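Below is one structure, written out as structure tokens, with a few remarks after it.
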Amino acid sequence: MPMLGSQRRLLGSLNCTPPATLPLTLAPNRTGPQCLEVSIPDGLFLSLGLVSLVENVLVVAAITKNRNLHSPMYYFICCLAMSDLLVSVSNVLETAVMLLLEAGVLATRAAVVQQLDNVIDVLICSSMVSSLCFLGAIAVDRYISIFYALRYHSVVTLPRAWRIIAAIWVASILTSVLSITYYNHTVVLLCLVGFFIAMLALMAVLYVHMLARACQHARGIARLQKRQRPIHQGFGLKGAATLTILLGVFFLCWGPFFLHLSLIVLCPQHPTCGCIFKNFNLFLALIICNAIVDPLIYAFRSQELRKTLQEVLQCSW
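Using the UniProt record's numbering, read the sequence shown as starting at 1 and increasing by one per residue.
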């Protein structure tokens with residue numbers, strides 16, 4: 001978060017490219033191809049952050065209110081909402097402080113701004129890492145509930161869930177502190193990229209396996225009812241569509257940011273990679289969009305949670 005300019009800082013000084021000045025423009029590059037830059041206005045950052053903030057606060061409030069939702073699965077969803085909430089709060093805070101500094105409303109020493117920047121960077125990084133971890137934890141929880149249904153309540157107990165949650169938060173904070181401290185080391189970037197690839201692979205394998213089991217179960221029901229093709233095909237298409245949306249949203253929202261980190265290691269001086277670096281703010285906006293979409297995929301599809309959410313909204317009015 002520099003004192004001047006609209007370009008955000010994440011993981012220290014990962015992005016050192018100049019800010020884009022037009023909503024969509026081809027910037028001339030004397031040493032390489034023209035660059036397509038997408039500028040994200042500060043107002044859009046604030047709007048996306050506030051929408052995500054409201055959504056995830058509602059998820060946390062609904063799960064806290066309804067005792068029927070006090071189970072490991074919903075605790076993981078609640079922690080995912082809290083992680084997404086921190087992503088939104090940190091980005092909104094960073095944008096607000098930058099606007100105040102640029103307007104001259106907030107006058108402070110450079111050292112104080114640097115410390116505030118480091119705190120916000122740690123908050124952003126830890127919230128991102130924890131968000132990815134809880135997405136993986138939700139996938140593992142659902143996998144166990146399907147393939148080990150009879151043993152689920154003995155395997156995924158509340159004490160174990162709390163230990164997993166605590167371990168994720170502690171690991172996320174330590175990872176973010178180390179990442180901010182040693183952001184200019186290649187191994188740090190490679191570890192972050194490797195972590196993303198591992199989470200993507202884990203989710204893909206688990207959800208594909210769950211879809212295959214669900215289709216197998218549907219075929220068994222179809223054989224019993226002697227209506228094999230209609231049921232199986234309809235269920236398979238619906239399951240494939242759900243899986244595509246789930247993994248597609250995850251990859252679309254998180255992939256560009258980790259592509260950015262990968263290119264910093266692979267081709268930091270190449271003109272083509274430089275064009276990608278110029279869209280860093282767009283990658284952050286996509287992560288905030290993921291914080292908006294997560295409640296729609298993992299929380300609001302629950303009828304019990306929607307009912308509780310309605311009660312929360314009625315009480316607030």
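Every residue, glycine too, gets a C-beta built ideally from N, C-alpha and C. Note that the structure is predicted; figures quoted are calculated from it, not measured.
query                                                                                                              : result
Alpha-carbon spacing of isoleucine 164 relative to proline 271, whole angstroms                                    : 43 angstroms
Contact with chain C by asparagine 91, beta-carbon distance below 8 angstroms                                      : In the displayed structure, chain C is absent; only one protein chain is listed.
CB of phenylalanine 76 within 8 angstroms of CB of isoleucine 138, strictly                                        : yes
Contained alpha helix (DSSP H) runs [length at least 4] in the stretch 245–285, N- to C-terminal order             : 271–277
Close beta carbons around alanine 291, own chain, < 6 angstroms, minus the five adjacent residues each side        : Ser52, Asp84, Val87 and Ser88
Extent of the continuous alpha helix (DSSP H) to which leucine 99 belongs                                          : 72–103
C-alpha distance - alanine 62 paired with threonine 181, whole-angstrom precision                                  : 37 angstroms
Endpoints, the beta strand (DSSP E) within which leucine 36 is located                                             : 35–38
Per-residue burial, isoleucine 197 [other beta carbons within 10 Å of its own, 16 or more giving buried]           : exposed
Whole-angstrom distance between valine 249 and glutamate 102, CA atom to CA atom                                   : 34 angstroms
Short Cβ contact (8 angstroms threshold) for alanine 96 with asparagine 56                                         : no
Boundaries (first-last residue) of the alpha helix (DSSP H) holding valine 156                                     : Run containing valine 156: none; DSSP gives neither H nor E here.
Beta-carbon proximity list for cysteine 273, same chain, < 6 angstroms, skipping 5 on both sides                   : Leu263 and Cys267
Euclidean distance between Cα positions of tyrosine 207 and leucine 135                                            : 12 angstroms
Endpoints, alpha helix (DSSP H) assigned at asparagine 66                                                          : Here asparagine 66 belongs to no alpha helix (DSSP H), and DSSP marks it neither H nor E.
Cβ distance (whole Å) where serine 145 is taken to contact isoleucine 120 below 8 angstroms                        : No, serine 145 and isoleucine 120 are not in contact; Cβ-Cβ is about 37 angstroms, not under 8 angstroms.
For cysteine 315 and leucine 36, believed in contact at Cβ under 8 angstroms, the rounded distance                 : Actually they do not touch by this definition, with Cβ atoms about 48 angstroms apart.
Presumed contact (8 angstroms Cβ cut-off) between residue 355 and valine 265, rounded CB distance                  : Since the first residue of the chain shown is 1 and the last is 317, residue 355 is not available in this structure.
Buried or exposed by the 16-neighbour rule on C-beta atoms within 10 Å, applied to asparagine 279                  : buried
Check whether valine 155 and tyrosine 148 have beta carbons under 8 angstroms apart                                : yes
Nearest-angstrom beta carbon gap, valine 60 and cysteine 78 [assumed within contact, 8 angstroms]                  : 6 angstroms
Beta-carbon proximity of leucine 286 to cysteine 253, cut-off 8 angstroms                                          : yes
Contacting residues, own chain, Cβ-Cβ under 7 angstroms from serine 176 (five flanking each side not counted)      : Val122, Cys125, Ser126 and Val129
Cβ neighbours of valine 293 in the same chain (closer than 6 angstroms, five flanking residues each side left out) : Val249
Beta-carbon proximity check, valine 38 vs leucine 282, cutoff 8 angstroms                                          : yes
Asparagine 56 - DSSP class collapsed to helix/strand/coil                                                          : helix
Whole-angstrom C-beta distance between isoleucine 168 and leucine 246, which should lie under 8 angstroms          : Contact flag wrong, Cβ pair sits at about 20 angstroms.
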